[in-house]
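Have a look at the structure below, then the notes.
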Amino acid sequence: LAKTTQPISMDSYEGQEVNITCSHNNIATNDYITWYQQFPSQGPRFIIQGYKTKVTNEVASLFIPADRKSSTLSLPRVSLSDTAVYYCLVVGYNFNKFYFGSGTKLNVKP
Amino acid sequence: GAVVSQHPSRVICKSGTSVKIECRSLDFQATTMFWYRQFPKQSLMLMATSNEGSKATYEQGVEKDKFLINHASLTLSTLTVTSAHPEDSSFYICSASPKSPQRDRYEQYFGPGTRLTVT
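Here it is in structure tokens:
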């Protein structure tokens, strides 16, 4: 089971770039890395998924080093509405490891 | 696309009664559905994984006779909390994995959650 470790909380200001790093030291060869966002009393929302190097979509970028033991979610120019909890998950073949860690509470200030 | 609904969104019941929560994938077929429980200010805890037409696989420590899961079709899974007690009060969230992923290998879409309060 690839346990993930993230900072408990982070503060940022509007317009800044935010980078949240997750460590997953015992990630397996076939595992993928996925990030979710959750607002209070709502279900998580998918942000991005990657296997190696860099992945970018319309809302974020995901950086994964060659050893894949960590990953960094990058949120460009955050706004107040990005205040939420962000979870890093390592997903195994056929969803056999879909567990949530403690998450990172991001607080964006004006 | 890829919308998952849950019903009800909020339910209050008396201790000892049973409550059924529905999870539906509205615009896709889901081969696998997951049920989570989340207590205030805590992370999501996976309760069980269910595949259409087969018995659910429960996580260690989750009582399968208390939390009955049925995944009768590719778009519907239900969680029934039997003989509910106040300690079962929590936020229950389901998620669904598409039969045919559109973009990412391990796509999973979450419902909005159901707030259960047992009095």
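Chains A and B supply the protein sequences, listed in that same order.
Last residue of the first sequence: 149 in this note's numbering, with the numbers rising by one and none dropped.
Last residue of the second sequence: 120 in this note's numbering, with the numbers rising by one and none dropped.
Ideal Cβ placement from N, Cα and C applies to all residues, glycine included.
Residue environment, Gln39/B, which counts as buried when at least 16 other CB atoms sit within 10 Å: Walking along the second sequence from the start, residue 39/B turns up at place 38. Buried.
Terminal residues of the continuous beta strand (DSSP E) containing Asp50/A? Here residue 50/A refers to the residue found at position 11 when the first sequence is read from its first residue. It spans 48 to 52 - the beta strand (DSSP E) in which Asp50/A sits, taken as one unbroken run.
Stretch-stretch touch, CB-based, cutoff 8 Å, three pairs: the segment 88 to 95 of chain B with the segment 53 to 69 of chain A: no
When Lys65/B, Ser55/B, Val82/B are compared against Thr118/B, the one with the closest alpha-carbon: Translated into positions along the second sequence, residue 118/B becomes position 117. Ranking Lys65/B, Ser55/B, Val82/B by Cα distance to Thr118/B puts Val82/B first.
Check whether chain A comes within 9 Å of Phe68/B, counting only Cβ atoms and requiring the distance to be less than that. Along the second sequence, read from residue 1 onward, the residue named residue 68/B stands at position 67. Taking Cβ atoms only, chain A never reaches closer than 9 Å to Phe68/B, which makes this a no.
7 Å CB neighbourhood of Thr58/B in its chain, flanking five on each side removed: Here residue 58/B corresponds to residue number 57 of the second sequence, with the count starting at 1. Closer than 7 Å at Cβ, skipping near neighbours: Ala49, Thr50.
So, for Pro87/B: in the same chain, excluding its five sequence neighbours on each side, which residues have a beta-carbon less than 8 Å away from its beta-carbon? Start at 1 with the first residue of the second sequence, and residue 87/B comes out as number 86. Answer for Pro87/B: Ser16, Val119, Thr120, listed in chain order.
If we ignore side chains and look at the alpha-carbon of each, how far apart do Asp70/A and His8/B end up? Counting from one through the first sequence, the residue named residue 70/A turns up at place 31. Counting from one through the second sequence, the residue named residue 8/B turns up at place 7. The alpha-carbon atoms of Asp70/A and His8/B are separated by roughly 32 Å.
DSSP three-state call for Ser44/B: helix, strand or coil? Along the second sequence, read from residue 1 onward, the residue named residue 44/B stands at position 43. It is coil, neither helix nor strand.
Contact check, Ser74/B vs Thr32/B, beta carbons under 9 Å: By one-based count along the second sequence, residue 74/B stands at place 73. By one-based count along the second sequence, residue 32/B stands at place 31. No; because the gap between Cβ atoms is not below 9 Å, this pair is not in contact.
Quick one: grab the DSSP three-state call for Pro149/A. Mapped onto the first sequence, residue 149/A falls at position 110. The answer is coil: DSSP assigns Pro149/A none of H, G, I, E or B.
Terminal residues of the continuous beta strand (DSSP E) containing Asn71/B? One-based indexing of the second sequence puts residue 71/B at position 70. It spans 68 to 74 - the beta strand (DSSP E) in which Asn71/B sits, taken as one unbroken run.
Out of Asp66/B, Leu80/B, Lys65/B, point me to the one whose CA is closest to His72/B's CA. Here residue 72/B is taken as the residue at index 71 of the second sequence, counted from 1. Out of Asp66/B, Leu80/B, Lys65/B, Leu80/B has the C-alpha closest to the C-alpha of His72/B.
For the beta strand (DSSP E) holding Glu23/B, just list the boundary residues, first then last. Counting from one through the second sequence, the residue named residue 23/B turns up at place 22. That run of the beta strand (DSSP E) goes 20 to 26.
With 8 Å as the C-beta to C-beta threshold (strictly closer), list the residues of the segment 73 to 94 of chain B near chain A in chain order. Phe92, Ile94
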